[in-house]
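A short write-up of the structure that comes next.
Numbering (the working numbering), first residue to last: 58 to 293.
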């Protein structure tokens, strides 16, 4: 399946729902349930291999997991590629495309330094990825500005600035992860319109009405599955 098909599914107000898988079996379940795209969760993929999230898993293991998933399903696969694993853009693109994936998330946290990259640094990386990939990858540029923010409204201007820069660098979609306020997410969507925005679930909120184009469940299903397994073990 092509990046063009994945790109077409990003429609503001009619969001593409992505229940994130972590192996070939869960990817099959996503497809069998009727979802048109399989997304991976870096958190879940790393954990099932015995590593913590945040680029602690060997890059070879993460790409191998992505390849197994992409090979297993007949729909587009988009990979949570964290912040690119410290690879040069051209090498990152080459290795990702070799897995069979047609999309990826790239976040603006530098895991080696434990801090956000500057806007210019992340924009340059995204632009280099776009140049290397052409239109063969759907780039979902994630900003982590809201992740640990107590006052989310105060982070909105900075998040919008980052999103606009990432879109100008070639991103197809922007992802303000961990926004917990419907009002803040709605203002973010308006500020970057007509660009596609990836949102996370917010309790009692219709994300479609806010204009998001994509909804990611992240590691949510993996965590629910793990909790069920742990509770079931206690009953034995």
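Virtual Cβ for every residue (Gly too), placed ideally from N, Cα, C.
According to the neighbour-count rule (16 or more other Cβ atoms, all chains shown, within 10 Å of its Cβ), is residue 237 buried or exposed?
Exposed.
Is it buried or exposed, residue 245, if we count other Cβ atoms within 10 angstroms and call 16 or more buried?
Only buried fits residue 245, as 16 or more other CB atoms lie within 10 angstroms of its CB.
Do you know offhand how far residue 196's Cα is from residue 126's?
If I take the Cα positions, the gap works out to 19 Å.
Buried or exposed (CB count within 10 angstroms, at least 16 for buried), residue 67:
With 16 or more Cβ atoms within 10 Å of its Cβ, residue 67 is classed as buried.
Whether or not the region 196-216 and the region 70-81 are in contact is what I'm after, with contact meaning three or more pairs of Cβ atoms, one per stretch, closer than 8 Å; do they touch?
Taking a contact to require three or more Cβ pairs closer than 8 Å, the region 70-81 and the region 196-216 do not qualify as touching.
Tell me, which residues are paired with residue 198 by DSSP?
Here residue 198 is bridged, per DSSP, to 163 and 231.
From this set, 193, 176, 179 and 183, which residue's C-alpha is nearest residue 157's C-alpha?
Nearest C-alpha to residue 157 among 193, 176, 179 and 183: 193.
Distance between beta carbons of residue 165 and residue 174, contact taken as under 8 Å:
Yes, they are in contact, since the Cβ atoms of residue 174 and residue 165 sit about 5 Å apart, within 8 Å.
If I measure Cβ to Cβ from residue 122 and keep anything under 6 Å in the same chain, skipping five residues before and after, which residues do I get?
For residue 122, same chain residues with a beta-carbon under 6 Å away, outside a window of 5 residues either side, are 102 in chain order.
In three-state DSSP terms, what is residue 135?
Note: residue 135 maps to strand in three-state DSSP.
As assigned by DSSP and simplified to three states, the class of residue 271
Under the three-state reduction of DSSP, residue 271 is assigned to strand.
Could you name the residues of the same chain whose beta carbon sits closer than 6 Å to that of residue 189, not counting the 5 residues immediately before and after it, in chain order?
The beta carbon of residue 189 is closer than 6 Å to those of 146, 147 and 150 in its chain, skipping five residues each way along the sequence.
Below 7 Å CB to CB, which residues in the same chain sit around residue 114 once its five sequence neighbours on both sides are set aside?
103, 106 and 108.
Residues near residue 276 in its chain [Cβ-Cβ closer than 6 Å; skip 5 each side]
Around residue 276: 98, 100 and 101.
Check this for me: beta carbons of residue 133 and residue 60, under 9 Å apart or not?
For residue 133 and residue 60, yes; Cβs fall inside 9 Å.
Tell me where the alpha helix (DSSP H) around residue 277 begins and ends.
Secondary structure note for residue 277: its alpha helix (DSSP H) is the uninterrupted segment 277-292.
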